[in-house]
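Quick note, the sequences are listed as chains L and A, same order.
Whatever position you read off the first sequence (first residue = 1), add 10 for our numbering.
Whatever position you read off the second sequence (first residue = 1), add 39 for our numbering.
Just so you know, even glycine gets a beta-carbon here, dropped at the ideal spot from N, CA and C.
Worksheet: the structure to be examined is printed underneath.
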Amino acid sequence: MNEQPWITLTNLSLLLGWLAVYFCLPKRISGSSRLVGYGVGSVALIITAIQIFFTYSFNPELVLFCLFSFFAVVGACLMIVAQNPAHGAICFALTITSTGGIFLLLAAPFVMAANIIVYAGAIIVTFLFLLMLVKQHNADLADSESREPFLASFTGFILLGCMISVLNASFSSQSQLGARNEIERIVDDTNKALSLTDLSELKAKVINGDNNVVTRLKIALGGSGTWVERIEVDVQKNGTLMINKSDDIAEIKSALASLASIGNDYLKYRSLLRPSIAMPGNSGADPSLPLDKIRKDQSGRPAMPADNTTFLGKLLFSDQLIAVELAGLLLLVATIGAIVIVRQLPTKVSS
Amino acid sequence: MLDLKIYLILGAILFCIGLIGFVSRRNMITMFLSAELMLQGVAINFLAFSRFRGNLQGQSFVLFILSVAACEAAIALALIVILYRAKNSLDVSKWQDLREEDLEPNEDPEILLLDTFQIEPMPTLPVAGHRPAKEEDASHV
Chain L
11 MNEQPWITLT
21 NLSLLLGWLA
31 VYFCLPKRIS
41 GSSRLVGYGV
51 GSVALIITAI
61 QIFFTYSFNP
71 ELVLFCLFSF
81 FAVVGACLMI
91 VAQNPAHGAI
101 CFALTITSTG
111 GIFLLLAAPF
121 VMAANIIVYA
131 GAIIVTFLFL
141 LMLVKQHNAD
151 LADSESREPF
161 LASFTGFILL
171 GCMISVLNAS
181 FSSQSQLGAR
191 NEIERIVDDT
201 NKALSLTDLS
211 ELKAKVINGD
221 NNVVTRLKIA
231 LGGSGTWVER
241 IEVDVQKNGT
251 LMINKSDDIA
261 EIKSALASLA
271 SIGNDYLKYR
281 SLLRPSIAMP
291 GNSGADPSLP
301 LDKIRKDQSG
311 RPAMPADNTT
321 FLGKLLFSDQ
331 LIAVELAGLL
341 LLVATIGAIV
351 IVRQLPTKVS
361 S
Chain A
40 MLDLKIYLIL
50 GAILFCIGLI
60 GFVSRRNMIT
70 MFLSAELMLQ
80 GVAINFLAFS
90 RFRGNLQGQS
100 FVLFILSVAA
110 CEAAIALALI
120 VILYRAKNSL
130 DVSKWQDLRE
140 EDLEPNEDPE
150 ILLLDTFQIE
160 PMPTLPVAGH
170 RPAKEEDASH
180 V
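Pasting the structure below:
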């Protein structure tokens, strides 16, 4: 495993974000810590924006993404630190509309519309509740005092740091998909070589300059780890067998056979997350297809159907019909439950 | 071109902010909004996977999340109403007597001290009024 440095821009902006949320969370003795929190938070956002603009090429999608995600994250932070819950509800509305923009960027216009309609209703109802329940004149102590702000924000940002580092590790520059394609090619070469009978032809097939198939497979598997150890034990017999040097065709062929079986095992057991059986194809590309065999649009990403709502409706009312019915039942049960919960039992009149 | 990673990171950020709000705030309505924020982060994850897989199943999953969120909103607001009726406050710390009997209360003594200072005085009627003759009649008005 290659060592990652601890002090990176990502970790720095995470640290600053944690401090910002901690300073902004309402505390009993707050003083000017809110202002400090706003300053630190904007520094964290600027660092993140610089990082994003240096990582990705400049195009309209990037600008829109940065705009929407900026408003979403800022609205979310202001929502959790708001002392007045009515301000919090407005900031939540900002977050919902911004995530609507993100949904549009992800080619989901119907979900965007449904999301905004449902949450607009939810936010209006929340406002009604605030008008009913919140004391207007002296603020409730519950709003000006948070429970364990240090520990809560620390826990949240540790979780966020873990998730971001896992994402960075799994989307590293040598992508898993490229490695898989290379391993598929190596197994293919090895199988072709196994069908040959002439020694020099066979050697020409598996040896390419300094690299023979064993070295290529080791590099594709990352250079170390249990799979590479397995190659060293099974194929190279702890380094004594060199395919370049050996002249015994039977020995070379047995080595190549075990190499091909290791490559096949890798492709079978270390597969990308995808279902093993064919799924119903009403939803677009077959989920059991490998990612590089899906039809792509001109941006290099998988093509999505243009009439989103039609295909979504087809999918919901064919493959997921039972789930749709259950969701309807759930809504009915929730409505009845809400009515039963708030119904006031008639109080007995004392006679 | 943007890749899958940056959308997943945005979803993770929204989820974690919602988590912080849920565990640290004490107002029940703010906690409810924080839970909805966590659901938004999850929805971005589903839609991003759906986009970068070329498959609509993620979008249908988000629609189910929406319906579950609507149910959750109905039940949560109903619960908030009855909890408010019982304690006359939206503070979840007022419900610490639901803990097990042998556990220490997780309360800051200074909060309780402050609370006693801030008790609202009950409204008083001016002296000009007069009591109704019978209390039974007053209960039906």
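Determine, using beta carbons only, whether residue i and residue j come nearer to each other than 8 Å.
i        : j        : result
L:ALA179 : L:ILE133 : no
L:LEU269 : L:ILE241 : yes
L:MET314 : L:ALA117 : yes
L:ALA99  : L:THR65  : no
A:LEU53  : A:LEU76  : yes
L:ALA337 : A:PHE85  : no
A:SER63  : L:GLU158 : yes
A:ILE83  : L:ILE272 : no
L:THR58  : L:ALA82  : no
A:ALA108 : L:VAL128 : yes
L:LEU88  : L:CYS76  : no
L:LEU19  : L:GLN61  : yes
L:MET173 : A:ALA87  : no
L:LEU35  : L:SER154 : no
A:LEU49  : L:SER79  : yes
A:LEU122 : A:ILE68  : no
L:PHE384 : A:LYS44  : Residue 384 of chain L lies beyond the range of chain L shown here (11 to 361); nothing can be said about it.
L:GLY166 : A:LEU142 : no
Kindly say whether residue i, judged by its beta-carbon, lies nearer than 8 Å to any beta-carbon of chain L.
i        : result
A:ALA112 : yes
A:GLU143 : no
A:PHE156 : Low confidence applies here, because A:PHE156 scores a pLDDT of 47, under 50, leaving its location unreliable; read the following figure in that light. No, its Cβ sits nowhere closer than 8 Å to a Cβ of chain L.
A:LEU58  : yes
A:ASP130 : yes
A:LEU137 : no
A:MET77  : no
A:ASN84  : no
A:VAL122 : Checking the sequence, you will find Leu at residue 122 of chain A rather than Val. Judged by the 8 Å Cβ criterion, A:LEU122 is not in contact with chain L.
A:ALA125 : no
A:VAL101 : yes
A:VAL62  : yes
A:LEU152 : In this prediction, A:LEU152 scores a pLDDT of 48, lower than 50, which makes its location untrustworthy; the coordinate-derived value is nonetheless stated afterwards. No - not a single Cβ of chain L is within 8 Å of the one on A:LEU152.
Could you tell me if residue i is buried or exposed, where buried requires 16 or more neighbouring beta carbons within 10 angstroms of its beta carbon?
i        : result
L:ASN69  : exposed
A:ASN66  : buried
A:ASN127 : exposed
L:VAL176 : exposed
L:PHE327 : exposed
L:LEU342 : exposed
For a cutoff of 8 Å on Cβ pairs, would you count residue i as touching chain A?
i        : result
L:GLU158 : yes
L:ASP244 : no
L:PRO95  : yes
L:PRO297 : yes
L:ALA337 : yes
L:THR109 : yes
L:PRO312 : yes
L:ASP302 : no
L:GLY235 : no
L:ALA152 : yes
L:LEU29  : no
Name the residue from the options whose alpha carbon lies nearest to the alpha carbon of residue i.
i        : options                                   : result
L:THR200 : L:LEU336, L:SER264 and L:LEU55            : L:SER264
L:SER156 : L:ILE62, L:GLN93 and L:ASP302             : L:GLN93
A:GLY183 : L:SER205, L:LEU336 and L:ASN292           : Outside the displayed range of chain A (40 to 180) lies residue 183 of chain A, so it cannot be described from this structure.
L:LEU209 : L:ARG195, L:SER163, L:GLU261 and L:ARG190 : L:GLU261
L:GLY171 : L:VAL144, L:GLY110, L:LEU22 and L:LEU322  : L:LEU22
A:GLN98  : L:ILE259, L:LEU204 and L:LEU325           : L:LEU325
A:ILE119 : L:LEU140, L:ILE62 and L:VAL91             : L:LEU140
L:ARG353 : A:LEU129, A:ALA167, A:LEU137 and A:ILE114 : A:ILE114
L:ILE346 : A:ALA167, A:LEU137, A:CYS110 and A:MET70  : A:CYS110
L:VAL245 : L:ILE57, L:GLY233, L:ALA267 and L:VAL334  : L:ALA267
L:GLY51  : L:LEU169, L:ILE168 and L:LEU26            : L:LEU26
L:ILE168 : A:GLU139, A:ILE56 and A:ALA74             : A:ILE56
L:LEU45  : L:PRO95, L:ALA30 and L:ALA230             : L:ALA30
L:THR207 : L:ILE259, L:PHE164 and L:ALA162           : L:ILE259
A:LEU47  : A:ARG90, A:ILE59, A:LEU95 and A:MET70     : A:ARG90
A:GLU95  : L:LEU322, L:VAL350 and L:SER67            : The identity of residue 95 of chain A in the sequence shown is Leu, whereas the question assumes Glu. Minimum Cα distance to A:LEU95 is reached at L:LEU322.
L:LEU301 : L:LEU138, L:ALA348, L:LEU204 and L:GLY188 : L:GLY188
L:ILE363 : L:PHE33, L:VAL73 and L:VAL224             : With chain L covering 11 to 361 only, the question about residue 363 of chain L has no answer from this structure.
L:ASP275 : L:ASP296, L:LYS37 and L:ARG190            : L:ARG190
A:LEU78  : L:PRO95, L:ASN125 and L:HIS97             : L:ASN125
L:ILE90  : L:VAL238, L:ASP296, L:ILE39 and L:PHE33   : L:PHE33
L:GLY131 : L:THR107, L:VAL216, L:ASP329 and L:LEU143 : L:THR107
Near-chain A residues of the region 163 to 196 of chain L - C-beta to any C-beta below 8 Å: SER163, THR165, GLY166, PHE167, LEU169, LEU170, MET173, ILE174, LEU177, ASN178 and PHE181
Proximal residues, the region 321 to 349 of chain L versus chain A, C-beta separation under 7 Å: PHE321, LEU322, LEU325, LEU326, GLN330, ALA333, ALA337, LEU340, LEU341, ALA344, THR345, GLY347 and ALA348
Chain A contacts from the region 42 to 67 of chain L (Cβ-Cβ distance under 9 Å): ILE62, THR65, TYR66 and SER67
Residues within the region 79 to 92 of chain L neighbouring chain A, beta-carbon criterion of under 7 Å: Taking 7 Å as the Cβ-Cβ cut-off against chain A, the residues of the region 79 to 92 of chain L that qualify are SER79, ALA82, VAL83, ALA86, CYS87, MET89 and ILE90.
Proximal residues, the region 112 to 124 of chain L versus chain A, C-beta separation under 7 Å: ILE112, PHE113, LEU116, ALA117, ALA118, VAL121 and ALA124
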